[in-house]
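Scroll down for the structure; my scribbles are underneath it.
Number of protein chains: 2
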Amino acid sequence: MAKASGPKKRARRSGGAATVVDVARLAGVAPNTVSRVLNHPEQVAEGTRERINEAIRVTGYTPNLLAAGVRSSRSKLVAAIVPTVSGPMFLETIQALTETLDRNGYQLILGQAGYDGLREDELLSAIIGRRPAGIALIGVVHSAESRRRLLASQIPVVETWDLTTTPIDMVVGFSHEETGAAVCDFLLRKGRKRPAIVTGRDERAKRRALAFAAAAQKQGIEVQIEWTGAPGTLAGGREAAARLLARDTRPDAIFCSSDLIALGVVTEATAHGVSVPYELAVVGFGDLNFSEGVIPPLTTVHLDGSRIGELTGSMLVDRAEGRQPAQKRVDVTFSILERGST
Amino acid sequence: MAKASGPKKRARRSGGAATVVDVARLAGVAPNTVSRVLNHPEQVAEGTRERINEAIRVTGYTPNLLAAGVRSSRSKLVAAIVPTVSGPMFLETIQALTETLDRNGYQLILGQAGYDGLREDELLSAIIGRRPAGIALIGVVHSAESRRRLLASQIPVVETWDLTTTPIDMVVGFSHEETGAAVCDFLLRKGRKRPAIVTGRDERAKRRALAFAAAAQKQGIEVQIEWTGAPGTLAGGREAAARLLARDTRPDAIFCSSDLIALGVVTEATAHGVSVPYELAVVGFGDLNFSEGVIPPLTTVHLDGSRIGELTGSMLVDRAEGRQPAQKRVDVTFSILERGST
DNA sequence: GTGAAAGCGCTAACAC
DNA sequence: GTGTTAGCGCTTTCAC
């Protein structure tokens, strides 16, 4: 029997999907016993369990997770809020997060806040309304109002890609100030005298740029800054580089707020006959998957985006299951990968 | 009054979040009137509405969308299944989809099927269990079993990035066969005699490659194919190019299954002193945001990923709201953007 | 090990 | 316009 799956008996009230009641009737048990097979199979006798599993197969029953969530107030859902999904920066993090959640039986619901953070409040309502077991803020800057709502919601939160001093709850990230200063140091140590910056306008990039400039200032060096849009693009990098190369005092080193921008800077410099790294050193940020393969290979700031995603995922799952996560604050640090462009 | 939001009165049973009952009590109305303000505000007298809205503010009430979903069997949730989120190919589509849904009050839940499509069935259960109003399959190949389950679930489905002849429900895409043949034509017309292919192993890329080869065959030309991993990387492109350039009959044109691979091929060729486009023409696929900016600018197959996402979103929303979408099958076509690399 | 009964938070039907 | 009643599909006591 059971040639095809799909609804067998008469159509049911709403949607026509099979319910615990249908399965229970077919298996000759009470509805809650079906629930038990799904959630605590060890509490059910083997014979009964088999009969019920067979009934599940025959009816094509797929548990209604919404209903389960209402009753148990455990939604098995985690929300991630990103500025936009189409910047390459956070992809590894989202991927690793999804996989980690998945492995633990959780689903990811994705919200785009945009780089301007308008609509942030509406988005938050939509998300909190789903009663997720946790919320991951990935590279998002949030308003005071959002903070308050998140705090009030009691939902576990992980903020990532930064190390706030006043976190809402948990944090996985690194210091953008340290990063900027470290890159400045690195370039000056290599004997560069006229460092410049090409940076997107987003909050974190700004802080790296400022820290870079401050570190240079300490050595009595003024840094030129060129702004470009967020998220960073190759074209934006080329334009900014063109402006920089046209100046009277041409920089001999450029720190870019993303690898894509850095590739643009290298491309433009090459097009102008400026040799990278001899006349111009270029440092990127993000260590995207193409950065090692281009010519010259890009020196860049490496961040373990996957690790951020995994940690975020397991911290949220821990909390969702009532465990205390190993740490509430993780500094994943960064590293400068020296390659051909410097 | 109402200095801060957040729960006011005594803690409530589960989770501590305010419910319709709390709001109703505070506003002196019945619970369903609160529900009405949320869902059909025009049915409620202005005075009552204001009182309720004030009560909502004071209590910090956020509607439990899970409960709403169970009762109304409308979850305001759409699921998207992608092979992996970290390939750049589908990002614009996911972004446009998210935005379109968002504008209509729907949220996106994201599932990664992986390129191998294992775990596909488990993923599908998790997704169908949420009773989403629609499912978008973005660049995913699905098993016969998955097809059956989707069909049985009665949930509106849009398959994208391809034009299946036997769609589950709706389709937004283009023909990979036509694409492959068109690129072949394009290269032969430009006088290339020894075309080759560097392609990832994913299903669609394979079909483009085969169609390319078949078109060449018709003109009596044999095509060399080099395989690389999926998703395509710059490094993979370089390796494949190195192998191709080492052969006795060196190709004078290479069609790549992604722009990232193409950039790798160009890089490797340049490193070998092979001039692009004079000695070697290179065509990419996807028109990623960097492709126009590199040197030489990449000739590539352009696809409007955003449009695919928007269309998918509005088709699903239409169906979710009981409307018939304008079309069930949309061919978004492709175009070959001729730039410096050919 | 299993069943009966209650109830999660919400919304749809039907009164008035 | 608004309240009363019922019930979505599930899980959680609490019996036995």
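Top to bottom, those sequences are chains A and B. For the first sequence, the residue numbers in our numbering are 719 to 1060. For the second sequence, the residue numbers in our numbering are 719 to 1060. Built from N, CA and C at the ideal position, the CB exists for glycine as well.
Query raised in the report: Quick one: what's got a C-beta closer than 6 Å to residue 740/B's C-beta in the same chain, skipping five residues either side?
Result: Within the same chain, residue 740/B has close Cβ partners 777.
Query raised in the report: What first and last residue would you give for the alpha helix (DSSP H) that runs through residue 813/B?
Result: Note, residue 813/B: alpha helix (DSSP H), 809-821.
**Report entry** Residues that DSSP places opposite residue 1053/B in a beta bridge
**Finding:** Residue 1053/B pairs with 1020/B.
Query raised in the report: Which value, in whole angstroms, describes the spacing of the CA atoms of residue 874/A and residue 988/B?
Result: Note on geometry: alpha-carbon atoms of residue 874/A and residue 988/B lie some 51 Å from one another.
Query raised in the report: Straight-line CA distance for residue 963/A to residue 1027/B?
Result: Per the coordinates, the alpha-carbon of residue 963/A lies some 39 Å from the alpha-carbon of residue 1027/B.
**Report entry** Residue span of the alpha helix (DSSP H) that contains residue 788/A, given as start and end
**Finding:** Taken as a continuous stretch (DSSP letters only), the alpha helix (DSSP H) holding residue 788/A covers 783-790.
Query raised in the report: Within the 8 Å Cβ cut-off, does residue 1040/B reach chain A?
Result: So, not an interface residue.
**Report entry** Reduced DSSP secondary structure (H/G/I, E/B, other) of residue 764/B
**Finding:** Helix at residue 764/B.
Query - Proximal residues to residue 745/B (C-beta, below 6 Å), its chain only, five neighbours per side dropped - result: Result list for residue 745/B: 769, 770 and 773, in chain order.
**Report entry** Which of helix, strand or coil DSSP assigns to residue 1030/A
**Finding:** Three-state result, residue 1030/A: helix.
Report task. List the DSSP bridge partners of residue 1047/A. Result -> Bridge partners of residue 1047/A: 889/A.
Report task. Determine which residues share a DSSP beta bridge with residue 913/B and list them. Result -> Partner residues in the beta bridge of residue 913/B, as assigned by DSSP, are 971/B.
Query raised in the report: So what does DSSP say about residue 752/B, is it helix, strand or coil?
Result: Three-state result, residue 752/B: helix.
Query raised in the report: Name the residues in the region 1000-1028 of chain A whose C-beta lies less than 8 Å from a C-beta of chain B; which are they?
Result: Listed by position, the residues of the region 1000-1028 of chain A near chain B (Cβ gap below 8 Å) are 1007, 1008, 1010, 1011, 1012 and 1013.
Query raised in the report: Among 898/B, 843/B and 1041/B, which one has its Cα closest to the Cα of residue 717/B?
Result: Because chain B here runs from 719 to 1060, residue 717/B falls outside it and cannot be looked at.
Query - Rounded C-alpha distance that separates residue 814/A from residue 1024/A - result: Near 5 Å, if we compare the C-alpha coordinates of residue 1024/A and residue 814/A.
Query - Residues of its chain near residue 1045/B, where Cβ-Cβ distance is below 6 Å and the 5 sequence neighbours each way are ignored - result: Same-chain partners within the cutoff: there are none.
Query - Assigned exposure category for residue 936/A - 16 Cβ within 10 Å defines buried - result: It is exposed - the Cβ of residue 936/A has fewer than 16 other Cβ atoms within 10 Å.
Query raised in the report: Residues of chain A with a CB under 7 Å from the CB of residue 784/B: which are they?
Result: Here the neighbours are 784, 787, 788, 793, 848 and 849.
Query raised in the report: Beta-carbon of residue 828/A versus every beta-carbon of chain B: anything under 8 Å?
Result: Taking 8 Å as the threshold, the shortest C-beta distance from residue 828/A to chain B falls below it.
Query - Residues of its chain near residue 754/B, where Cβ-Cβ distance is below 7 Å and the 5 sequence neighbours each way are ignored - result: Excluding residues within five positions, the ones whose Cβ falls inside 7 Å are 761 and 762.
Requested in this report: List the residues that DSSP assigns as beta-bridge partners of residue 827/A.
Outcome: Residue 827/A is bridged to 797/A and 827/B.
Report task. Give the range of the beta strand (DSSP E) segment to which residue 942/B is assigned. Result -> In the DSSP assignment, residue 942/B falls within the unbroken beta strand (DSSP E) covering 942-946.
Query raised in the report: Listed from N- to C-terminal order along the chain, which residues in the region 801-826 of chain A have their beta-carbon within a distance smaller than 8 Å of any beta-carbon of chain B?
Result: Shown in chain order are the members of the region 801-826 of chain A whose Cβ falls below 8 Å from a Cβ of chain B: 802, 803, 804, 806, 809, 810, 812, 813, 816, 817, 820, 823, 825 and 826.
Requested in this report: Tell me whether residue 853/B sits in a helix, a strand or coil according to DSSP, three-state version.
Outcome: For residue 853/B, the secondary structure class from DSSP, reduced to helix, strand or coil, is strand.
**Report entry** residue 1002/B in three-state terms, based on DSSP
**Finding:** In the three-state reduction of the DSSP assignment, residue 1002/B falls in the strand class.
Query - Closer than 9 Å at the beta carbon, the chain B residues around residue 989/A - result: The contacting residues are 1013.
Query - Helix, strand or coil at residue 858/B according to DSSP, with G and I counted as helix - result: In the structure shown, residue 858/B sits in coil (DSSP, three-state: anything other than H, G, I, E or B).
Query raised in the report: If residue 972/A and residue 1000/A are in contact, beta carbons under 8 Å, what's the gap, nearest whole angstrom?
Result: A Cβ-Cβ separation of about 5 Å places residue 972/A in contact with residue 1000/A under the 8 Å criterion.
Report task. Could you tell me if residue 1007/A is buried or exposed, where buried requires 16 or more neighbouring beta carbons within 10 angstroms of its beta carbon? Result -> Classification of residue 1007/A: buried, given that the 10 Å Cβ count is 16 or more.
Query raised in the report: Among the residues of its own chain, which have a CB less than 6 Å from the CB of residue 1021/B, if the five just before and after it don't count?
Result: Once the five neighbours on either side are set aside, the close Cβ partners of residue 1021/B are 1052.
Requested in this report: Examine the Cβ distances between the region 835-843 of chain A and the region 778-789 of chain A and report whether three or more of them are shorter than 8 Å.
Outcome: Contact fails between the region 835-843 of chain A and the region 778-789 of chain A, because fewer than three Cβ pairs, one in each stretch, are under 8 Å apart.
Report task. Apply the 10 Å Cβ neighbour rule to residue 794/B and answer buried if 16 or more other Cβ atoms are within range, or exposed otherwise. Result -> With 16 or more Cβ atoms within 10 Å of its Cβ, residue 794/B is classed as buried.
Query raised in the report: With a cut-off of 8 Å, do at least 3 Cβ pairs link the region 900-907 of chain A to the region 802-819 of chain B?
Result: As far as the Cβ criterion goes, the region 900-907 of chain A does not touch the region 802-819 of chain B, which means the pair count is below three.
Report task. Tell me whether residue 988/A sits in a helix, a strand or coil according to DSSP, three-state version. Result -> Here residue 988/A carries a helix assignment [DSSP, helix/strand/coil].
Report task. Could you name the residues of the region 974-986 of chain B whose beta carbon sits closer than 8 Å to any beta carbon of chain A, in the order they occur along the chain? Result -> Answer set for the region 974-986 of chain B: 978, 981, 982 and 985.
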